[in-house]
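1 is the number of the first residue of the sequence shown in full-length UniProt numbering; add one for each residue after it.
Ideal placement from N, C-alpha and C gives every residue a C-beta, glycine not left out.
None of these values were measured; they are calculated from a predicted model.
Let me begin by presenting the structure, written as structure tokens, before commenting on it.
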Amino acid sequence: MNETYISLRFEQIEKRFNEVEILIKLAVQYQSDIETYQSLCRSAHVMLVSHFEGLYKDIAKDIIDDLNSRSTFYEIKRPIFKTYCSYFIHQSESDKSSETIRQRLWEAFKDYPCKLDYGPFLFVDNKNPTPQIIESILEKFGIKNFFWSLEGSDLDIVFEDQKTKIMKLRNKLLMYCKKSTQTFPYTVDTSIYNPTLKENTQKKRTLWEDFINNFLKERHNIIHGHTLDNPNDHESLLSAKIKIEIIIFVYIINISSNSSPIIYLPE
């Protein structure tokens, strides 16, 4: 197979977000019928969160499938191998004992084709989607402080009232993701959106985390029947959809950039 697993995912990504847009457009047509309008908006809200959750899990699986089909254990980066090793190491093991086991596994596996399991990379205690779960998955691929790195980047424009520029950014990230993940190793670089390094700055909660947490809380209230009111009208839902598309594309950029194999030159 020439195409990568992650590159094949984009058709489904666009299909998922198109489903949400269909509901939003239908809601616009029923603005004069308040009950139908609110029902359609709530449905679009719930569907958007469901697709968001499904995508970040499927994308991680695609990355693992690409590594398994095209790499040896010797070529994968150490943070990824370390996460895989947790499949074999009991939580009660000491740090020293765990490191010994990892080293023995490395010596045993390094010359063999990569056969990573999804479990260690996707297991989380809380199954509901949160920014912390996204960061937890990315940390297992060696990426730390994902949302904190977005603060002060080119993505800040998303929280300004500049619809044309936001759509331009969304389209730019989508096209870049498609092009840079077509082949393996990927040719992805996070510099496309100018993330920020804040090594000497105290970490704080970002606008991205606030947005996701609030949107998820509203969805929770809808599905558990805590409210029949409409927390978002069609315009705010469309804005939320674009934000979530952007965060998915940036998630892809980070996870694929950090998962490209180590290339060793012959001695």
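Pairwise C-alpha distance: residue j and residue i
{"i": "residue 334", "j": "Glu-218", "result": "Given that the chain is displayed from residue 1 to residue 267, the structure contains no residue 334 and the question cannot be resolved."}
{"i": "Tyr-122", "j": "Asp-33", "result": "With the sequence shown as reference, residue 122 is identified as Leu, and Tyr is not the correct amino acid for it. The alpha-carbon atoms of Leu-122 and Asp-33 are separated by roughly 42 angstroms."}
{"i": "Ala-60", "j": "Gln-162", "result": "31 angstroms"}
{"i": "Glu-267", "j": "Glu-75", "result": "For Glu-267, the predicted structure reports a pLDDT of 37, less than 50, and the residue's modelled location is therefore unreliable. A value from the coordinates is still provided. Cα to Cα, Glu-267 sits roughly 16 angstroms from Glu-75."}
{"i": "Ser-120", "j": "Ile-246", "result": "Sequence check: residue 120 is Pro here, not Ser. Roughly 26 angstroms separates the two Cα atoms."}
{"i": "Ser-236", "j": "Trp-208", "result": "15 angstroms"}
{"i": "Met-175", "j": "Glu-3", "result": "16 angstroms"}
{"i": "His-234", "j": "Asp-95", "result": "51 angstroms"}
{"i": "Phe-215", "j": "Asn-254", "result": "23 angstroms"}
{"i": "Gln-202", "j": "Lys-25", "result": "42 angstroms"}
{"i": "Ser-239", "j": "Ile-248", "result": "14 angstroms"}
{"i": "Leu-67", "j": "Leu-197", "result": "28 angstroms"}
{"i": "Val-46", "j": "Val-124", "result": "21 angstroms"}
{"i": "residue 297", "j": "Leu-173", "result": "Only positions 1 to 267 of the chain appear in the structure, and residue 297 is not among them; the question remains open."}
{"i": "Arg-78", "j": "Trp-106", "result": "10 angstroms"}
Pick from the options that is closest to residue i, judged by C-alpha positions
{"i": "Asp-65", "options": "Phe-17, Leu-216, Leu-197 and Pro-185", "result": "Pro-185"}
{"i": "Asn-171", "options": "Val-20, Phe-10 and Gln-38", "result": "Phe-10"}
{"i": "Ser-153", "options": "Asn-194, Asp-210 and Glu-14", "result": "Asn-194"}
{"i": "Ala-44", "options": "Leu-26, Thr-36 and Val-20", "result": "Val-20"}
{"i": "Arg-102", "options": "Asp-111, Thr-83, Leu-116 and Lys-115", "result": "Thr-83"}
{"i": "Gln-132", "options": "Phe-109, Ser-191, Thr-206 and Phe-17", "result": "Thr-206"}
{"i": "Pro-261", "options": "Gly-142, Asn-213, Ile-22 and Arg-42", "result": "Gly-142"}
{"i": "Ser-191", "options": "Tyr-30, Gln-91, Val-250 and Thr-100", "result": "Val-250"}
{"i": "Lys-110", "options": "Ile-22, Thr-100, Phe-81 and Glu-99", "result": "Phe-81"}
Buried or exposed by the 16-neighbour rule on C-beta atoms within 10 Å, applied to residue i
{"i": "Lys-241", "result": "buried"}
{"i": "Leu-8", "result": "exposed"}
{"i": "Pro-113", "result": "exposed"}
{"i": "Tyr-118", "result": "exposed"}
{"i": "Tyr-264", "result": "Unreliable placement is indicated for Tyr-264, whose pLDDT of 46 sits below 50; no coordinate value is reported for it."}
{"i": "Leu-40", "result": "buried"}
{"i": "Glu-160", "result": "exposed"}
{"i": "Phe-52", "result": "buried"}
{"i": "Asp-62", "result": "buried"}
{"i": "Phe-17", "result": "buried"}
{"i": "Asp-6", "result": "Note on residue identity: the sequence assigns Ile, not Asp, to residue 6. Buried: at least 16 other Cβ atoms inside 10 Å."}
{"i": "Ser-71", "result": "buried"}
CB contact below 9 angstroms: residue i versus chain C
{"i": "Ile-143", "result": "Absent from the structure is chain C; it holds one protein chain and no more."}
Segment limits, alpha helix (DSSP H) that includes residue i
{"i": "Thr-130", "result": "Segment: none, Thr-130 is in no alpha helix (DSSP H) and carries neither H nor E."}
{"i": "Thr-72", "result": "Run containing Thr-72: none; DSSP gives neither H nor E here."}
{"i": "Leu-105", "result": "95-109"}
{"i": "Thr-4", "result": "From DSSP, Thr-4 is part of no alpha helix (DSSP H); its letter is neither H nor E."}
Which runs of the alpha helix (DSSP H) spanning at least 4 residues fall entirely within the stretch 133-218, listed in chain order?
146-150 and 163-180
Completely contained alpha helix (DSSP H) runs for the stretch 9-51, where each covers 4 or more residues:
10-29
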